[in-house]
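One structure is given here, and the rest of the page talks about it.
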Amino acid sequence: MAAAKKAVLGPLVGAVDQGTSSTRFLVFNSKTAELLSHHQVEIKQEFPREGWVEQDPKEILQSVYECIEKTCEKLGQLNIDISNIKAIGVSNQRETTVVWDKLTGEPLYNAVVWLDLRTQSTVENLSKKIPGNNNFVKSKTGLPLSTYFSAVKLRWLLDNVRTVKEAVEEDRALFGTIDAWLIWSLTGGTNRGVHCTDVTNASRTMLFNIHSLEWDKELCEFFEIPMKILPNVRSSSEIYGLMKAGVLEGVPISGCLGDQSAALVGQMCFQDGQAKNTYGTGCFLLCNTGHKCVFSEHGLLTTVAYKLGRDKPVYYALEGSVAIAGAVIRWLRNNLGIIKSSEEIEKLAKEVGTSYGCYFVPAFSGLYAPYWEPSARGIICGLTQFTNKCHIAFAALEAVCFQTREILDAMNRDCGIPLSHLQVDGGMTNNKILMQLQADILYIPVVKSSMPETTALGAAMAAGAAEGVDVWSLQPEDLSAVMMERFEPQINAEESEIRYSTWKKAVIKSMGWVTTQSSESGDPSNFCSLPLGFFIVSSMVMLIGARYISGIP
Numbered sequence: 196m197a198a199a200k201k202a203v204l205g206p207l208v209g210a211v212d213q214g215t216s217s218t219r220f221l222v223f224n225s226k227t228a229e230l231l232s233h234h235q236v237e238i239k240q241e242f243p244r245e246g247w248v249e250q251d252p253k254e255i256l257q258s259v260y261e262c263i264e265k266t267c268e269k270l271g272q273l274n275i276d277i278s279n280i281k282a283i284g285v286s287n288q289r290e291t292t293v294v295w296d297k298l299t300g301e302p303l304y305n306a307v308v309w310l311d312l313r314t315q316s317t318v319e320n321l322s323k324k325i326p327g328n329n330n331f332v333k334s335k336t337g338l339p340l341s342t343y344f345s346a347v348k349l350r351w352l353l354d355n356v357r358t359v360k361e362a363v364e365e366d367r368a369l370f371g372t373i374d375a376w377l378i379w380s381l382t383g384g385t386n387r388g389v390h391c392t393d394v395t396n397a398s399r400t401m402l403f404n405i406h407s408l409e410w411d412k413e414l415c416e417f418f419e420i421p422m423k424i425l426p427n428v429r430s431s432s433e434i435y436g437l438m439k440a441g442v443l444e445g446v447p448i449s450g451c452l453g454d455q456s457a458a459l460v461g462q463m464c465f466q467d468g469q470a471k472n473t474y475g476t477g478c479f480l481l482c483n484t485g486h487k488c489v490f491s492e493h494g495l496l497t498t499v500a501y502k503l504g505r506d507k508p509v510y511y512a513l514e515g516s517v518a519i520a521g522a523v524i525r526w527l528r529n530n531l532g533i534i535k536s537s538e539e540i541e542k543l544a545k546e547v548g549t550s551y552g553c554y555f556v557p558a559f560s561g562l563y564a565p566y567w568e569p570s571a572r573g574i575i576c577g578l579t580q581f582t583n584k585c586h587i588a589f590a591a592l593e594a595v596c597f598q599t600r601e602i603l604d605a606m607n608r609d610c611g612i613p614l615s616h617l618q619v620d621g622g623m624t625n626n627k628i629l630m631q632l633q634a635d636i637l638y639i640p641v642v643k644s645s646m647p648e649t650t651a652l653g654a655a656m657a658a659g660a661a662e663g664v665d666v667w668s669l670q671p672e673d674l675s676a677v678m679m680e681r682f683e684p685q686i687n688a689e690e691s692e693i694r695y696s697t698w699k700k701a702v703i704k705s706m707g708w709v710t711t712q713s714s715e716s717g718d719p720s721n722f723c724s725l726p727l728g729f730f731i732v733s734s735m736v737m738l739i740g741a742r743y744i745s746g747i748p
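Structural data, given as structure tokens:
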């Protein structure tokens, strides 16, 4: 029997979407932006000590190979010829820090994840060295000094991990965020792998001058980071190298964007003033500010949005970053066990339709924008004997929406022109209760793309548009129209404001739980006492009682 003829769909582009909780590989038709196939693998997060968050770089790399192989198998089952895949883009969790040995290809320590808090005392010590009248770190990077960014994580590794320090001294060490680790490994690794990053990822390290678009000597000296271990900085859309192994060997890697920049591109927010909000492990609202850096007076970050080609102009964005969004659902599932799957939370929330006065501030990693308050910890408040797991589920969804409201308010104040609607994407947008809550709490329409994979789509667009690939046009007239689902506010403005003001009271209560951070020391005895916020949450859960947690009336 003759083999089935392979379908010809025109040029295809693949995208690696390496996030905090999972890795995916997706393949798109470059002419229609249609998603043809994908595969996903969940990534383990390790919490070796309170406030520490790590991942295994080798597990991340292996997950990329697995996702590529499985996706290509699925394409074969659809009779789609994988030789039509002309380029690969990379999108990644930002700030997460990896140091590896360039001679052996082995990581010298686990990846220190962006959520990690171990560097708080490093931040406090460094902040004392910045003159009060000359915050050169923020003016050059657009970022506040925080545990969030790569430079302080790298500083901690150099101070506390002997193998890292020795490798740097012996000129064997390379540093990178996840994109750099993947591109180096996929393009050959120890066999002349390409050590590079793009401008969007570099702008999240706190070592990169967002005006000159170069590693900054003064910043590297301030953090005491040797510049020789840093990757070369490239644009977000150019050929970096070729795949050197696996089923797509020989295919160019030609796009690279930090995940939130990728989502901005995938949402086609190419005009000054266009914004999007992505609901993932955290929550990230970005507004394109065009060719100019806009510095926030209300707790937002200034960051590089994208640079789609070597000779193309750079675009900037204002960003509001929330540490815990989807991660709160995962916490309810894994830590409290009140849901068995992430999808179940929508069903629980729908059962009650209200939090019944219960408010949840999931400040597990302190508070990010607009507060930048590392002393905060998670609290659940407003509990009564009537409260059950459904109310807590509803309060968790509301918490995501209230945090978005806070950063949207800050962005409106910085930009001067309030957003008339909010474009959204990310896995949590499949939750219709969440989307309606978001519209109610913002009191503006929420607009969801029918293409939920905008992060991967943005990476694919950058890869397909690269010079030498040229299979994806980014001209406005060539961009595919995307169907949108719209959620209108369904409560009155007064009720929306009352709920928001009560949330703000809860946020104030969450602050100041941690007065000092001992989590930098390697002495395990320093980790015997959990932060007070943990006991507050635990006490409240105990107060509810087992019968209420289980939903028994």
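Residue numbers (the working numbering): 196 to 748. The beta carbon of each residue, even a glycine, is placed where N, CA and C say it ideally should be.
query, result
"Can you name, in chain order, every residue of its own chain whose Cβ lies under 6 Å from the Cβ of Lys265, other than the five neighbours on each side?", "His234"
"With a threshold of 16 other CB atoms inside 10 Å of the CB of Arg505, please say whether the residue is buried or exposed.", "exposed"
"Could you tell me whether the Cβ atoms of Met422 and Ser345 are closer together than 8 Å?", "no"
"Can you check which of these residues, Asn529, Glu492, Phe589 and Ala440, is closest to Glu241 by C-alpha distance?", "Asn529"
"Go ahead and label Leu273 buried or exposed: buried means 16 or more other beta carbons lie within 10 angstroms of its beta carbon, across all protein chains shown.", "exposed"
"Who are the Cβ neighbours of Trp567 in its own chain at under 7 Å, not counting the five residues just before and after it?", "Pro339, Ser341 and Gly494"
"Looking at the strands, I want to know which residues DSSP matches up with Pro302.", "Trp295"
"If I measure Cβ to Cβ from Glu413 and keep anything under 8 Å in the same chain, skipping five residues before and after, which residues do I get?", "Phe331 and Lys335"
"Relative to the C-alpha of Leu377, which candidate in His406, Phe417, Asp411 and Gly450 has its C-alpha closest?", "Gly450"
"To the nearest whole angstrom, what separates the beta carbons of Gly573 and Phe559, a pair I think is in contact under 8 Å?", "5 Å"
"In angstroms, rounded to a whole number, what distance separates the CA positions of Lys704 and Tyr563?", "16 Å"
"Which same chain residues end up closer than 7 Å to Leu452 when comparing Cβ atoms and leaving out the 5 residues on each side of it in sequence?", "Ser286, Asp393, Thr395, Ser431, Val460, Tyr501, Gly653, Ala654 and Ala657"
"Which runs of the alpha helix (DSSP H), 4 residues or longer, sit entirely within the stretch 599-667?", "627-637 and 649-659"
"In chain order, what residues of the same chain have a beta carbon less than 6 Å from the beta carbon of Ser516, not counting five sequence neighbours either side?", "Phe479, Tyr563 and Ala564"
"By the three-class DSSP mapping on this structure, what secondary structure does Pro726 have?", "With a pLDDT of only 40 at Pro726, under 50, the local geometry of the prediction cannot be trusted, and no value is derived from it."
"By DSSP, does Cys464 sit in helix, in strand, or in coil?", "coil"
"So what's Lys265 in DSSP terms, helix, strand or just coil?", "helix"
"Would you mind stating whether Ile447 and Ala660 have Cβ atoms separated by less than 8 Å?", "According to the sequence shown, residue 447 is Pro rather than Ile. No, the Cβ-Cβ distance between Pro447 and Ala660 is not below 8 Å."
"In the structure shown, what three-state DSSP assignment does Val389 receive?", "coil"
"Quick check: the Cα distance between Asn271 and Ser225, rounded to an integer number of angstroms?", "In the sequence on display, residue 271 carries Gly and not Asn. Straight-line Cα distance between these residues: approximately 18 Å."
"Would you call the stretch 525-545 in contact with the stretch 640-650, where contact means no fewer than 3 C-beta pairs closer than 8 Å?", "no"
"What does DSSP give as the partner residue(s) for Asn472 in the beta ladder?", "Leu480 and Val619"
"Any chance you could list the alpha helix (DSSP H) runs of at least 4 consecutive residues sitting entirely within the stretch 398-466, in chain order?", "412-418 and 454-461"
"Buried or exposed: His486, going by 16 or more other Cβ atoms within 10 Å of its Cβ?", "exposed"
"Name the two residues that bound the continuous beta strand (DSSP E) containing Gly337.", "Careful: Gly337 lies outside any beta strand (DSSP E) and carries neither H nor E."
"I'd like to check one pair, Ile533 with Ile587: are the Cβ atoms closer than 8 Å?", "yes"
"Is the number of C-beta pairs between the stretch 377-391 and the stretch 251-265 that are closer than 8 Å three or more?", "yes"
"With a Cβ-Cβ cutoff of 8 Å, do Ser570 and Val347 count as a contact?", "no"
"By a C-beta neighbour count over all protein chains shown, 10 Å radius and 16 as the cutoff for buried, is Thr299 buried or exposed?", "exposed"
"According to DSSP, simplified to helix, strand and coil, what is Arg694?", "helix"
"Could you tell me the alpha carbon to alpha carbon distance between Val523 and Pro557, rounded to whole angstroms?", "7 Å"
"Please say whether Cys488 and Thr476 have beta carbons closer to each other than 8 Å?", "no"
"Spatial neighbours of Ala362 within its chain, please: CB distance less than 8 Å, with the 5 preceding and 5 following residues excluded, ordered by chain position.", "Val294, Asp296, Leu303 and Ala368"
"If I measure Cβ to Cβ from Gly205 and keep anything under 6 Å in the same chain, skipping five residues before and after, which residues do I get?", "Lys226"
"Nearest CA to the CA of Glu237: which residue from Arg219, Ser322, Ile405 and Glu409?", "Arg219"
"Leaving out five residues on either side along the sequence, give the residues of the same chain with a beta carbon under 8 Å from the beta carbon of Ser322.", "Leu340"
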